[in-house]
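In what follows, a single structure is set out as C-alpha cells and then discussed.
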Amino acid sequence: MNIESPTTRRRPHGLASRRVWFTAVTVPVCLWALVALAALIGQRWRADLGWIGLHAAALGVATNAIVTWSDYFVDALMRGAASSKARQIGVLAGLNVGILALIGGIEAALNPLVTAGAALVVVAIVVHCASLWRRSRGALTTRLGSTVVGYYIACAGWFVAAGVFGFLMTTAGGGHLNRYLLAHIASAVLGWLGLAVIGTLVTLWPTILRTRMVPGAQTDARRALPLLNIALAVVVIGGVIGRGRLSALGLLGYLACLGFTLAAMVRAARVKPPRSFAARSVIAGMAWLVGTLVVATVIAAMGPDTATIMNRLTALAWPLLAGFAAQLIAGSMAYLLPVVIGGGPAMVRRRNRVMDLASNTRLVAANGAGLGLLLPLPAAGRVAMIAVAAACVAAFLVLVVATAVVRRPLQMADVPPARTHGFEAMLGVGVLVIALAIATAISPATMVGKGTASGAGSSGAVGNGQSQHVSVEAHDMKFTPNTIDVPAGTHLFIDVKNTDTGGMVHDLVLASGATSGRLSPGASGTLDAGVISASTDAWCSIAGHKQMGMTMKINASGAAPAGGAAAASSPSATHATPDPNAQMTADPWDAALQPAGPETEHRITLDVTEKEVEVAPGVRQLRWVYNGQAPGPVLRGHVGDKFAVTLINHGTMGHSIDFHAGALAPDGPMRTIQPGEQLTYDFTATKSGVWMYHCATAPMSLHIANGMFGAVIIDPPGLTQVDKEYLIIQSDHWYGAQGEGNDAARIGDGNPDAVVFNGYANQYDAHPLPATVGNRIRFWVLDIGPNEPISFHMVGGQFDTVWAEGAFRLECGYQPAAGVDPACGTLGPGGSQTLSLGPAEGGYVEMVAPEAGHYKFINHVMSDAEKGAHGTLEVSAG
1 MNIESPTTRR
11 RPHGLASRRV
21 WFTAVTVPVC
31 LWALVALAAL
41 IGQRWRADLG
51 WIGLHAAALG
61 VATNAIVTWS
71 DYFVDALMRG
81 AASSKARQIG
91 VLAGLNVGIL
101 ALIGGIEAAL
111 NPLVTAGAAL
121 VVVAIVVHCA
131 SLWRRSRGAL
141 TTRLGSTVVG
151 YYIACAGWFV
161 AAGVFGFLMT
171 TAGGGHLNRY
181 LLAHIASAVL
191 GWLGLAVIGT
201 LVTLWPTILR
211 TRMVPGAQTD
221 ARRALPLLNI
231 ALAVVVIGGV
241 IGRGRLSALG
251 LLGYLACLGF
261 TLAAMVRAAR
271 VKPPRSFAAR
281 SVIAGMAWLV
291 GTLVVATVIA
301 AMGPDTATIM
311 NRLTALAWPL
321 LAGFAAQLIA
331 GSMAYLLPVV
341 IGGGPAMVRR
351 RNRVMDLASN
361 TRLVAANGAG
371 LGLLLPLPAA
381 GRVAMIAVAA
391 ACVAAFLVLV
401 VATAVVRRPL
411 QMADVPPART
421 HGFEAMLGVG
431 VLVIALAIAT
441 AISPATMVGK
451 GTASGAGSSG
461 AVGNGQSQHV
471 SVEAHDMKFT
481 PNTIDVPAGT
491 HLFIDVKNTD
501 TGGMVHDLVL
511 ASGATSGRLS
521 PGASGTLDAG
531 VISASTDAWC
541 SIAGHKQMGM
551 TMKINASGAA
561 PAGGAAAASS
571 PSATHATPDP
581 NAQMTADPWD
591 AALQPAGPET
601 EHRITLDVTE
611 KEVEVAPGVR
621 QLRWVYNGQA
631 PGPVLRGHVG
641 DKFAVTLINH
651 GTMGHSIDFH
661 AGALAPDGPM
671 RTIQPGEQLT
681 YDFTATKSGV
691 WMYHCATAPM
701 SLHIANGMFG
711 AVIIDPPGLT
721 QVDKEYLIIQ
731 SDHWYGAQGE
741 GNDAARIGDG
751 NPDAVVFNGY
761 ANQYDAHPLP
771 ATVGNRIRFW
781 VLDIGPNEPI
791 SFHMVGGQFD
801 TVWAEGAFRL
811 ECGYQPAAGV
821 DPACGTLGPG
831 GSQTLSLGPA
841 EGGYVEMVAP
851 EAGHYKFINH
861 VMSDAEKGAH
871 GTLEVSAG
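Just so you know, full-length UniProt numbering puts 267 at position 267 of the sequence shown, and the rest follows in order with no gaps.
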C-alpha cells in the first residue's frame, strides 16, 4: 500500500482548478459581448436588433459577470467553505439558457418561450443570491463581508422587480407602457447593476490600487445601502405613477448616496494613484454613470409627461451599458483574471502587463468614440465611431484570451522603461482622427453623389466653400421646418431628430438618394446633402408617410430648379398588370367557416411580417400580413367572449391593430409598436356582427390595402347551424411595381386596379366553393375597403335571409318579427337580390340553391366585379 506524505499537495485539475474555472466562466461574458457588439452594428439596418443588443449587454455580459464575481468575493470575504461548483454550473447554465430562450422567443414570437426564459433567468438569480446569503450566515462573517453580501441581496431583489415590470410592459397600454418601462430600466440598471457595482467597489477598488481600504469606507457603504434603496424606490414609484419630478428627486438622492462611494475612491486614489488599465477603466465607468445620472435627473425633472421623458431617456441606454457597465466589467476583469488564474507573483505581473498593453490608447479611443456617438455627427462619422468602439472591444477580448494562455513569467529583464502615458493618450486621439478622416473620404453622401440627379446635392457640383447645418424635427407626419433656403453651392448638412410622441419611426431622404437613416422616437441623425447647386425635394421614405405630407423643399437661391431632381422624387408611373395568359399558382384562401366553439376565452398571437405574394395571375406584390396571410386569421366567438390578442411586430416599420369587435379607449391597445416590440390587446365581445380588424397606423389606407386586415365573427344569439358557411372579405388593390407594395400615391384617386375577394382577384373562379342542391348556405360578407363599397349578389340565386350591421333586414322571407322560425322551416314570400355594404360594414345572407350548376357571386358594382370581385359557387346534385 502506498501512503502519500501528509505534506504532499496535489494540484487541482479540471474545473477544480481556478485557472480552468475562471477561464471557462469568462467565455459566456465574451460571447455575449460579441452578440451585443454585432447587434449594435446591425441595428443600422434592422431596428429591433437594438433591443437584442441592449439585453445581450445587460443580461448576457453584465449579469454573467455579476454572478461569477459576486460568488468569488463572497468566498474571499467570508471565512467559510467554498461554494459548490455544481451549484455554480447549474446557476450559470440556467441563466444563459434563460437568456437565449427570452431573446429567441421574442424573435420567433413564441410567448411561452419568452415566459419560460424570463422565469428561468429570475430563478437562476434568486438561487444564486440565496446561496450567497446562506453561506454568509454559516461563515465567520466579517463586517465588510456582511456589507457586500447585503448589497448583493438588495440588487437581486431589484432584478426580480425588473422582471416583474418587464412582464407588466407586455400587457400594458397607453401611458402605462412608458411608466413600466421607466421602472424596468431603473430597477435593472440602478438596482441590479448599480448596487452590485457599488457594493463590490467597497473592497475591489483599494485592491486594484494595491492599497488599504480608507478608514470609514465600509461604514459609509453600510449606511448608504438603505438610502440607495429608498432613493431607487422613489425613482420607480415616480415612474409607475407618471410623476417625472418624483423620479428626478429619487435620482438626485441616488446621486447623493453614490457620493459616499466616490469619496472613498478619491481618498484611496490619493494614497496610491491609479495607473493600470483596470483602475482607469473603473474611473471611466463611474464617470459615465455620474454623467448619465445627472442628465437623466434633468430630463425627468423637465419632461412634461412620461412618454416624453422616456423618448429622451432612450438616448442614455447605450451610454449606461457601454460607458458605465462595460467599462466597470472590463476594469474588474483586467485586475481579477491575472490574480485568480494564479501562478505566482511573476506570472501575475506578466498577465497584468498583457492587460495593460496600450491601455491609455484604448481608453481614450473607446471613451472618445462613446462621446462622439452622443454628438450630431453625420452618418459616416457615426459609423467611424462605432468602428473604433468595436475595435476597442475586440482588442480587450483578444487580451483576455492572451491573459488566459500566457505561460512565461515576467523576468526583471523584461520590464521596459516607464511608459509615457501622454504618448499613448495621443495615439488614442490619433485613432479617432484617422477614423473620421477615412469616413469623410468614403462617406455615403460621396458615394451617392455618383448617381444623383444633376445639380441637386451632387458631389460633383462646384461649391462656394461654405457649409450650413440646419436642424429639422420629424413629428406628426410633417417636418419642421419643411422648407430650407441655402445659397447655391453651399454644402448642406441636415440634422434630423425624430420628436414624434406617437411612437412613429421616420427618416429623411433626398431626391439624390442621400438619407438620414431610419430614426426611432428620440433618435437623431445627420444627412449629408452634399453641395446644393439646384432646388430639390426631400421626404420621409416610410411607406405612406410622404403621401401624408412628410415632404420638404430645399431651395437653392441663385440657381434654376433642377428638373432631374423633381423627376427623381415623383412616383413611378409603372405598375404591375395581370397577365391574361397566366394561371393562378397561389393556394386559394380558405373561405369555409367552422362553427364557433364552446370556449369563452380566446388567446391569439398575431405576428406582423412582410411577404411577397401572388395577388392576381402574373402579379406579385409585397404585403404586410398578420400570421403570414392576407386576410389575417379569422376569429370567431359568442357575445360575452373574452379575447386576448398578442401583437408582435417583425416587420420593418411601425404597425398596430384595431379590433372593431371591442369597445375600449384606443390610446393603449391601438398604439403603434416598432419592429421587435409587442403588445397585448384585450377586449370583450359585447355585440354580435362580422367585425373588421386592421392596422391603425397612418396612413391607414395604405396599411389596409397592403393586407393588414381580417375578420372577427361574433355569432348573434340564437344563430342556427346551416349546411355551409363561407366568409367573403372584399378589399381594394392599387398595384405598385412588380414585387412592391400598393402604390400609395394612387390610393386616393378612387380607381383601384383590382377589387378582390379574400385577397386574390377571381380566385374562386379558379377554385369554386362547393355546395349541394338543398344545402342552406350562409355567406358572411365584410367590406374591408379601404374605399370601395360592395353590393353582394348571387347570379341565379335569391337570398331569403339578410342580416347586416347587427340586425335582420329579412328573416326567412319575412319582415323581422317575433315568431319567425330561425331555421327557416317555413319560408315567407320575401326575397333579396343583394347585401349592400360600405367599407367596414358587414353582415350575412342565406340562400338555398334550387338546382345543380355554377352560380356566380359578385360585387354588383359591375366595374368592380370586372376587376376581380367575382367568384363561383359550384352546386352539385349530391
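All C-beta atoms in this analysis are idealised placements derived from N, C-alpha and C, irrespective of residue type, glycine included.
Skipping 5 residues on each side, what residues in its chain have a beta carbon closer than 7 Å to that of residue i?
i	result
Ala877	Val773, Ala852
Ser187	Trp158, Ala161, Ala162, Phe165, Val236
Ile858	His793, Val795, Ala865, Ala869, His870
Ala296	Leu251, Leu313, Leu316
Ser281	Gln327, Ala330, Gly331, Ala334, Leu363
Put residue i into one of helix, strand or coil per three-state DSSP.
i	result
residue 923	Within the shown structure, residues of the chain are numbered from 1 to 878, placing residue 923 beyond reach of any answer.
Ile241	coil
Leu782	strand
Met552	strand
Asp485	strand
residue 879	Only positions 1 to 878 of the chain appear in the structure, and residue 879 is not among them; the question remains open.
Ala278	helix
Gly199	helix
Asn758	coil
Ile858	strand
Ala696	coil
Trp589	coil
Ala661	coil
Gly840	The sequence shown places Ala at residue 840, not Gly. Looking at Ala840 - three-state DSSP - the assignment turns out to be coil, as it is neither helix nor strand.
Pro28	helix
Leu377	coil
Thr526	strand
Pro770	strand
Asp495	strand
Tyr735	coil
Ala711	strand
Exposed or buried, what is residue i when buried is set at 16 or more other beta-carbons lying within 10 Å of its beta-carbon?
i	result
Ala591	buried
Asp821	exposed
Pro345	exposed
Val486	buried
Asn751	exposed
Glu846	buried
Pro481	exposed
Ala665	exposed
Gln594	exposed
Val271	exposed
Asp723	exposed
His854	exposed
Got a sec? Which residues, its chain only, sit under 6 Å from residue i by beta carbon, not counting five neighbours each side?
i	result
Trp803	Gly843, Tyr844
Gly253	Ala231
Gly806	Gly689
Trp51	Gly676
Val755	Asp732, Glu788, Asp864, Lys867, Gly868, Ala869
Ala221	Thr147, Val202
Excluding sequence positions up to five away, which residues of its chain have a Cβ less than 8 Å from the Cβ of residue i?
i	result
Thr200	Trp69, Ser70, Phe73, Val148, Tyr151, Ser332
Ile728	Ala591, Phe757, Asn758, Phe779, Trp780, Val781, Leu782, Phe792, Phe857, Gly871
Glu612	Arg620, Gln621, Leu622, Arg623, Gly739
Below 8 Å on the Cβ atoms is my contact criterion, and I expect residue i with residue j to pass it. Report the Cβ-Cβ distance as a whole number of Å.
i	j	result
Val339	Leu399	Their Cβ separation, rounded to whole angstroms, is 15 Å, which puts Val339 and Leu399 out of contact at 8 Å.
Ala737	Ala576	6 Å
Leu144	Gln218	5 Å
Leu92	Asn111	With a Cβ gap of about 26 Å, Leu92 and Asn111 do not count as contacting.
Val114	Ile99	12 Å between Cβ atoms; not a contact.
Ala661	Ala685	5 Å
_Given 8 Å, three or more beta-carbon pairs between the region 466 to 486 and the region 420 to 433_ = no
*Determine, using beta-carbon pairs with one atom in the region 277 to 296 and one in the region 321 to 328, whether at least three such pairs fall under 8 Å.*
yes
*asked:* With three or more beta-carbon pairs closer than 8 Å as the criterion, would you say the region 613 to 622 touches the region 683 to 699?
replied: no
_Cβ contact (3+ pairs, closer than 8 Å) linking the region 630 to 649 and the region 597 to 607_ = yes
*Just checking, does the region 603 to 611 make contact with the region 645 to 656 on the three C-beta pairs under 8 Å criterion?*
yes
*Inspect the CB distances between the region 811 to 820 and the region 753 to 767 and report whether three or more fall short of 8 Å.*
no
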